[in-house]
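Report on the following structure.
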Amino acid sequence: MAVGSGPLADFGISASFAGERAILGIRGDVDTANAPVLGALFDAVIASGYPSVLMDLPDPDSIDAVGLAVTAGAASRLVALGGHLTIRFSSTGVARIFDIGWMAELISRALRGTSEDQLAPEQTTSEFAAVAARDPAPNLRAVTGHSASEDVVNGALGLVVALARATVGGADGASVTLRRRGQLATVAASDDTISDMDANQYATGEGPCIDATVEGRWFHAESLEHETRWPAFSPRARSLGISAILSSPLLANGQPVGALNIYSRTALAFAAKEQELAAVFAAEASRVLTAALALDDHMTERLQEALRTRELIAEAQGVIMARQGVGENEAFDILRHLSQTTNRSLRERAEAVVASTQPTAPNPDPLPPAAR
Amino acid sequence: MARSSDVLDLSRQEAGLSHGELWLRYFALGGMSTALELEAFLYGALEPSSHDHDVIAHALNERFVELGGNHPVPYAEDGNHPVPYAEDGNRDDS
Numbered sequence: 011m012a013v014g015s016g017p018l019a020d021f022g023i024s025a026s027f028a029g030e031r032a033i034l035g036i037r038g039d040v041d042t043a044n045a046p047v048l049g050a051l052f053d054a055v056i057a058s059g060y061p062s063v064l065m066d067l068p069d070p071d072s073i074d075a076v077g078l079a080v081t082a083g084a085a086s087r088l089v090a091l092g093g094h095l096t097i098r099f100s101s102t103g104v105a106r107i108f109d110i111g112w113m114a115e116l117i118s119r120a121l122r123g124t125s126e127d128q129l130a131p132e133q134t135t136s137e138f139a140a141v142a143a144r145d146p147a148p149n150l151r152a153v154t155g156h157s158a159s160e161d162v163v164n165g166a167l168g169l170v171v172a173l174a175r176a177t178v179g180g181a182d183g184a185s186v187t188l189r190r191r192g193q194l195a196t197v198a199a200s201d202d203t204i205s206d207m208d209a210n211q212y213a214t215g216e217g218p219c220i221d222a223t224v225e226g227r228w229f230h231a232e233s234l235e236h237e238t239r240w241p242a243f244s245p246r247a248r249s250l251g252i253s254a255i256l257s258s259p260l261l262a263n264g265q266p267v268g269a270l271n272i273y274s275r276t277a278l279a280f281a282a283k284e285q286e287l288a289a290v291f292a293a294e295a296s297r298v299l300t301a302a303l304a305l306d307d308h309m310t311e312r313l314q315e316a317l318r319t320r321e322l323i324a325e326a327q328g329v330i331m332a333r334q335g336v337g338e339n340e341a342f343d344i345l346r347h348l349s350q351t352t353n354r355s356l357r358e359r360a361e362a363v364v365a366s367t368q369p370t371a372p373n374p375d376p377l378p379p380a381a382r
Numbered sequence: 828m829a830r831s832s833d834v835l836d837l838s839r840q841e842a843g844l845s846h847g848e849l850w851l852r853y854f855a856l857g858g859m860s861t862a863l864e865l866e867a868f869l870y871g872a873l874e875p876s877s878h879d880h881d882v883i884a885h886a887l888n889e890r891f892v893e894l895g896g897n898h899p900v901p902y903a904e905d906g907n908h909p910v911p912y913a914e915d916g917n918r919d920d921s
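Chains as they are written, first to last, in the working numbering: chain A, 11 to 382; chain B, 828 to 921.
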C-alpha cells in the first residue's frame, strides 16, 4: 500500500507485515500537512490488532512536531494495548531509540514474585490456609502499592526525551524531572552529563528545572555566562559545558509535577521555533502524566475490587471445603454450579455462603440439597 | 475438532473483552495463572488445566449474563466439551 499523490507527492508510506509486526516505511517528510495520513495508518494498523509497529524514518529531521505528536500518541496507544513502537532511522542503519512492551510482562513479573509478609491475618488461619498459601493476592497489592503505571510513564517520558533531543534545534541533551513522593528525580535523561546537570540542581536546590517544577511556568536560561538567578548551580552547569537551558513545566490535571529540560552547549540556542517545539513535547508529556494519574486511580480501584471478590470466593471455598470435606477445585465447582443454575454471579453466591456462617444470618444455609 | 483455545478466544472476542479485562475477571474468580499464561491459553500455546478452563469459561459466562445472555461457554465437565483434558483421566467426555 502506498499513500501519496497531488500535494502529498513527496510523501509516501509503505506498509508491510511480518508476523505480529507491522512495518511502516516513511518516504519524504512527515509534516503538519500529511501527519494525519500517518495517524490514520497507525489507527488502521492498531485496529487490525498489530501490537508491534516498526516505523522506518529517513532521518530524525524528517518528522515535524505534529508528526511527532501523532507518533507519540500512537506509541501510547500501542503501549496501552501491550504492544510497542520501534522507530528506526535509515540514515544510521538500525538506531533503535525506543522499544517498550510492558503491560503483560509487568503484571506477570509482579505476580511471580513472592512477599509472604503481606498476607492478611485472616488468610493464615483455619480452613483458609490451603488457599492462602498459594494466593498471589499480596503480590497484587505490591503492584498497586508501587504504582504499576510508573514503568509506563517512565517509558513514555523516555520517548519524549529522545524525540526532544533529536528534533529541537541546538539541543545537546534533554531530561524529565518529576516530583515523586515529595522528592525531585530525573526519570528520563538522554545521557549521563544531563543526569549530572539535573543532580546538580537538586543538590544546590536551585536551577531552571526546579523552578519550572515548583512554579509551573517556563524558565529559560539563554546564556549561563550572564545568568544571575542560580548562582550556585550556574557555574556547575558551565563546567559541564552547558550554555543554555530551557525548562518547560509538566502538568498533571493542571498541577505542576515536573519539567522537561532541554540543554545546549551553545548560548542563545533556543529561539522562538525551538521554544514552540519544546512546548509541544511538554504538552505531550503532560498528557501522558494526566492519563497515568487517571489510569492509576482506575486500575487501583479495579484491582482492589477484583481482590475483594477473590478473597470472598476463597473464603466461601474454605467454608464449603470444611463443611463437605471436598478439595479446593471441587468447592469452586459447587459455587460455579450454584451461580450457573441460579443465574447469579459467583461473587453473590460466595457472599451468601460466607453469610451463612454468621449466627444472625437471615438465610442460614443457602446451599441447595445437592451441595450438602 | 475445535480446540479449547479457539472456543475460549472466540468467546472472549464475542464478549468484547480484552485479554487484560478477561484476566482481571479470571483473577477475581480465583484464577492462579498470570496474564501472560492466560494469553498463552487463548493463543493455544499452553493448555489450561480443566479447572483453569472452567474459571476462564465462568468469567466469560458471567460477562455473557451481564450482556443479557446465558452461559454459552462449555465447562470442562460438560459432556460436549471439545477437548479431553489430560488432567482428567477419570472423566468420561464421550
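Yeah, the Cβ is synthetic: ideal placement off N, Cα and C, and Gly gets one too.
Inside the segment 173-202 of chain A, DSSP marks whole beta strand (DSSP E) runs of 3 or more residues at positions 183-190 and 193-199, from first to last along the chain. In this structure, Phe27/A lies away from Asn44/A, with their beta-carbon atoms at least 7 Å apart.
Within chain A, no C-beta atom comes less than 9 Å from the C-beta of Phe868/B; the nearest is roughly 13 Å away. One thing to note: Leu256/A has its Cβ no nearer than 7 Å to the Cβ of Gly268/A. The beta carbons of Gln327/A and Glu340/A sit no closer together than 7 Å. Between Ala172/A and the set Val163/A, Ala184/A and Gly179/A, the nearest pair of CA atoms involves Ala184/A. When secondary structure is reduced to three states using DSSP, Leu348/A falls in the helix class. Straight through space, the alpha carbons of Asp206/A and Ala181/A are spaced by roughly 16 Å. Taking every protein chain shown into account, the CB of Asp881/B has 16 or more other CB atoms within 10 angstroms, so this residue is buried. Taking C-beta atoms under 8 Å as the contact rule, His878/B and Asn888/B fail to qualify, at a distance of about 15 Å.
Between Ile56/A and Arg87/A, the C-beta spacing is below 7 Å. Short of 7 Å from the beta carbon of Asn263/A, and not among the five residues preceding or following it, lie these beta carbons of its own chain, in chain order: Thr300 and Leu303. Within the same chain, Ile323, Leu345, Arg346 and Ser349 come within 7 Å of Leu356/A by CB-CB distance, once the 5 residues on both sides are set aside. A check of alpha carbon separations from Tyr853/B across Ala842/B, Gly895/B, His885/B and Gly896/B identifies His885/B as the nearest.
Between the segment 226-234 of chain A and the segment 190-205 of chain A, the count of C-beta pairs closer than 8 Å stays below three; the two stretches do not touch. Under a criterion of Cβ atoms nearer than 8 Å, the residues of chain A adjacent to Glu889/B are, in order, Ser349, Ser355 and Leu356.
No Cβ of chain A is located within less than 7 Å of the beta carbon of Ala903/B. In this chain, the beta strand (DSSP E) harbouring Leu67/A covers Ser62 to Leu67.
The alpha carbon of Glu286/A has as its nearest neighbour, out of Val178/A, Glu216/A, Phe243/A and Ala32/A, the alpha carbon of Val178/A. Burial is judged here by how many other beta carbons sit within 10 angstroms of a residue's own beta carbon; Asp53/A has fewer than 16 and is exposed. For a Cβ distance threshold of 8 Å, residue set Phe854, Ala855, Leu856 and Gly857 of chain B lies close to Arg320/A, ordered along the chain. With respect to chain A, the C-beta atom of His878/B has a partner C-beta closer than 7 Å.
If you look at Gln368/A, you'll find it isn't in any alpha helix (DSSP H); DSSP assigns it neither H nor E. Looking at the DSSP output, Gln265/A sits in a beta bridge with Ala262/A. Check the Cα spacing between Arg175/A and each of Ser296/A, Ile330/A, Ala292/A and Ala365/A: the tightest is with Ala292/A. Within the segment 830-846 of chain B, Ser845 and His846 place their CB atoms closer than 9 Å to a CB of chain A, listed in sequence order.
Shown here for Pro218/A: same chain residues with a beta carbon closer than 6 Å to its own, the five before and five after excluded, namely Phe229, Ala231, Ile255 and Ser257 in chain order.
Per DSSP, Gly871/B lies in no alpha helix (DSSP H) and is assigned neither H nor E.
Secondary structure note for Gly858/B: it is in no alpha helix (DSSP H), with a DSSP letter that is neither H nor E.
A Cβ-Cβ separation of about 11 Å leaves Ala247/A out of contact with Asn271/A under the 8 Å criterion. Between Thr319/A and Ala867/B, the CB-CB gap reaches or exceeds 7 Å. Residue pairing from DSSP places Ile272/A in a beta bridge opposite Ala184/A and Leu256/A. Any Cβ of chain A closer than 7 Å to the Cβ of Leu873/B would place that residue at the interface, and such an atom is absent. Glu294/A counts as buried, since no fewer than 16 other beta carbons sit within 10 angstroms of its beta carbon.
Closer than 8 Å at the C-beta level to chain B, one finds these residues of the segment 288-316 of chain A: Arg312, Leu313, Glu315 and Ala316.
DSSP lists no bridge partner for Ile204/A.
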